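To convert, note that position 131 of the sequence shown is 132 in this note's numbering; the numbers rise steadily by one, no gaps.
Every residue gets a Cβ at the ideal spot worked out from N, C-alpha and C, and that includes glycine.
Owing to the predicted nature of the structure, the values given are computational and were not obtained by experimental measurement.
Heads up: the structure comes next, in structure tokens.
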Amino acid sequence: MRSVLFVCLGNICRSPLAEALMRVKVQRKGIRLIVDSAGTGDWHVGEPPCENAVRVAALHGIDISGLRARQVTAEDLVRFDRLVGLDAANVADLKRMGAKNVLKLGDFGYNGADVPDPYFFDGFDGFETVFEMIDTCTTNLLRYLEEN
Ligand code: 4NP
């Protein structure tokens, strides 16, 4: 079965949102695609998504509170057909680790823009923007994956 791994830095803000939004779309379309997420860093391994990510997802009817952060492994690089970085640093880190099939989420609807790291935002501001970016880009990415 085909598979996609979303990768950000901490795996507690952006990539869990991407995982959850993509999974909703995959289920809605009845497609078989494995969807997961991970972080390049290990600071938050085992933790649920950050409060504001849980909140913005809930406002859009998606419960991400059960997800738990994990770090990208060497096995992920070969196990997943596609690795999708949320920003340029994530993409560079994945390539440095030796990943071959790396895409950047912002290339699917935001002219290659980084999905900004909302962890250091002051409060909830920005999480809605990040959610909208991820929502649009995962829709377009799914269409691309169906065609490629
Ligand atoms: P994320 O946000 O990469 O979207 O999960 C971050 C979460 C935590 C840290 C950085 C980014 N951190 O440095 O702890």
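is_contact[Asp-126, chain B] using C-beta, thresh 8 Å: Considering every chain present, this structure includes no chain B. It has just one protein chain.
Beta-carbon separation (whole angstroms), Gly-40 vs Val-85, contact threshold 8 Å: That belief does not hold up - the Cβ atoms of Gly-40 and Val-85 are roughly 13 Å apart, past 8 Å.
Unbroken beta strand (DSSP E) run spanning Val-85, endpoints: 83-86
Tyr-120 beta carbon near the ligand 4NP (any heavy atom closer than 7 Å): yes
As assigned by DSSP and simplified to three states, the class of Val-27: helix
Where the beta strand (DSSP E) through Arg-3 begins and ends: 3-9
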